[in-house]
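Structure first, commentary second.
Numbering (this note's numbering), first residue to last: 75 to 232.
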């Protein structure tokens with residue numbers, strides 16, 4: 075019985091260790107409120123740092139932002155699936171068209187971000203697919219909670 079439990083533990087540890095199939099990833103994250111280029115670095119402990127450079131365009135104007143995130147990865151379901159969650163910060167700006175009801179035509183924003191998502195890394199190809207939610211809390215120019223950032227992502231992994 076002890077040998078059987080040891081075998082099960084070894085299989086589980088191997089499964090956890092092989093759930094992330096890459097060290098670096100570059101891709102695109104597209105969602106409701108913005109599109110972003112993403113660069114992700116996975117560390118030896120399985121956690122990751124991700125940088126997002128985002129932009130948005132609408133009939134009201136345009137905006138850009140830079141977001142830095144630290145993410146924790148939890149292997150789930152089976153090999154290749156990870157639940158991830160994390161926190162970080164953003165800085166950005168916007169430029170509204172004349173007559174927009176926000177009252178300001180341009181500005182700068184700064185705040186904190188959170189992220190939670192599910193990622194699937196392919197074993198047979200250097201690709202990873204994700205769906206995530208990234209709410210943010212702006213402190214500048216005013217305090218505002220924005221919860222509309224649901225997105226899909228695809229990354230080239232290496």
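For each residue, glycine too, the CB sits at the ideal point set by N, CA and C.
At which residues does the beta strand (DSSP E) containing residue i begin and terminate?
i: residue 104; result: 98-105
i: residue 108; result: First-last for residue 108: undefined, no H or E at that position.
i: residue 137; result: 135-149
i: residue 128; result: 122-132
Go ahead and label residue i buried or exposed: buried means 16 or more other beta carbons lie within 10 angstroms of its beta carbon, across all protein chains shown.
i: residue 171; result: exposed
i: residue 114; result: buried
i: residue 97; result: exposed
i: residue 221; result: exposed
i: residue 216; result: exposed
i: residue 168; result: buried
i: residue 126; result: buried
i: residue 214; result: exposed
i: residue 139; result: buried
i: residue 158; result: buried
Taking CB distances under 8 Å as the criterion, tell me whether residue i reaches chain B.
i: residue 101; result: The chain inventory of the structure shown lacks chain B, comprising one protein chain alone.
If I measure Cβ to Cβ from residue i and keep anything under 6 Å in the same chain, skipping five residues before and after, which residues do I get?
i: residue 219; result: 211
i: residue 161; result: 188
i: residue 204; result: 191, 193 and 227
i: residue 201; result: none
i: residue 155; result: 194
i: residue 111; result: 127
Excluding the 5 residues preceding and the 5 following residue i in the sequence, name in chain order all residues of the same chain whose CB lies nearer than 8 Å to its CB.
i: residue 109; result: 102, 103, 128, 129 and 130
i: residue 106; result: 222, 223, 224 and 225
For residue i, I'd like the list of residues in its chain whose CB is within less than 7 Å of its CB, leaving aside the five on either flank, ordered along the chain.
i: residue 166; result: 137, 138, 139, 140 and 183
i: residue 118; result: none
i: residue 122; result: 114, 115, 116, 145 and 147
Are the stretch 185-205 and the stretch 218-231 in contact at 8 Å, needing three or more beta carbon pairs?
yes
Please list the segments of the beta strand (DSSP E) lying wholly inside the stretch 153-232, counting only runs of 3 or more residues, in order along the chain.
155-170, 180-195, 201-207, 210-214, 218-220 and 224-231
Three or more C-beta pairs under 8 Å: does that hold for the stretch 91-111 against the stretch 180-190?
no
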